[in-house]
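All residue numbers for the sequence shown refer to the UniProt record's numbering, where the first residue is 1 and numbers rise by one.
The structure appears below as structure tokens.
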Amino acid sequence: MWSSSLFQPSFSTPMAVRVPVSALWPQSELLCIQMENEMARQMDNMRRSADLMNQLQHIGCSGKKEKKEESEGGSYSYKYQEFRRELELPEDVNPEEMSCLLNNGQLRIEAPRMALPSVPERVVPIKSDNSGCINENENLSVL
Numbered sequence: 001m002w003s004s005s006l007f008q009p010s011f012s013t014p015m016a017v018r019v020p021v022s023a024l025w026p027q028s029e030l031l032c033i034q035m036e037n038e039m040a041r042q043m044d045n046m047r048r049s050a051d052l053m054n055q056l057q058h059i060g061c062s063g064k065k066e067k068k069e070e071s072e073g074g075s076y077s078y079k080y081q082e083f084r085r086e087l088e089l090p091e092d093v094n095p096e097e098m099s100c101l102l103n104n105g106q107l108r109i110e111a112p113r114m115a116l117p118s119v120p121e122r123v124v125p126i127k128s129d130n131s132g133c134i135n136e137n138e139n140l141s142v143l
């Protein structure tokens with residue numbers, strides 16, 4: 001039978017050495033608090049990046065495809081494809097009127113631009129250099 005004195009160093013007295021169990025392993029409370037703090041930091045970063053994406057008018061597109069096949073011989077194949085693409089929209093795009101169409105594996109995104117403010121027409125006179133192409137009596141203008 002094993003004796004506790006068998007595992008003690010020879011230079012120590014045969015006293016019972018009591019080491020708290022918590023000294024052998026990290027304290028679970030501290031570890032959980034550290035994990036919670038790290039997760040909270042990551043969530044804050046995600047919120048900031050989502051806010052930034054909203055401010056910069058980004059559009060994100062993602063998709064995934066899974067294909068599983070099993071043959072009669074017992075072999076098995078699994079194929080997984082995933083993509084993610086982010087685009088920055090021009091400032092003058094109206095995000096409310098955007099449309100997307102997926103046809104034969106091609107994604108078409110249409111984002112009409114906002115209407116420009118109407119500018120009143122004005123007459124711009126054209127000066128002649130007297131080269132003979134335009135008579136001095138003719139009055140040309142650009143609308």
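The C-beta atom is built at its ideal place from N, Cα and C for all residues, glycine as well.
These numbers come from a predicted model, not from an experiment.
- H58 is positioned such that its CB atom lies no closer than 8 Å to that of L102.
- Segment contact: the segment 107-116 against the segment 90-99, three or more CB-CB distances shorter than 8 Å; contact assigned.
- According to DSSP, residue pairing for E66 in a beta bridge involves Y80.
- In this structure, the alpha-carbon of E121 lies about 42 Å from that of C61.
- Here M114 has D92, V93, N94 as same chain residues with Cβ atoms under 8 Å from its own Cβ, once five neighbours each way along the sequence are excluded.
- In this structure, DSSP gives E110 an extended state, which the three-state scheme calls strand.
- Nearest C-alpha to R84 among P117, A40, G63: G63.
- Beta-bridge partners of V93 (DSSP): R113.
- P117 has its alpha-carbon roughly 45 Å from the corresponding atom of Q81.
- In the three-state scheme derived from DSSP, where H, G and I count as helix and E and B as strand, E38 is classed as helix.
- Residue pairing by DSSP places N103 opposite Q106 in a beta bridge.
- In terms of CA proximity to G105, K65 leads the group K65, E70, A40.
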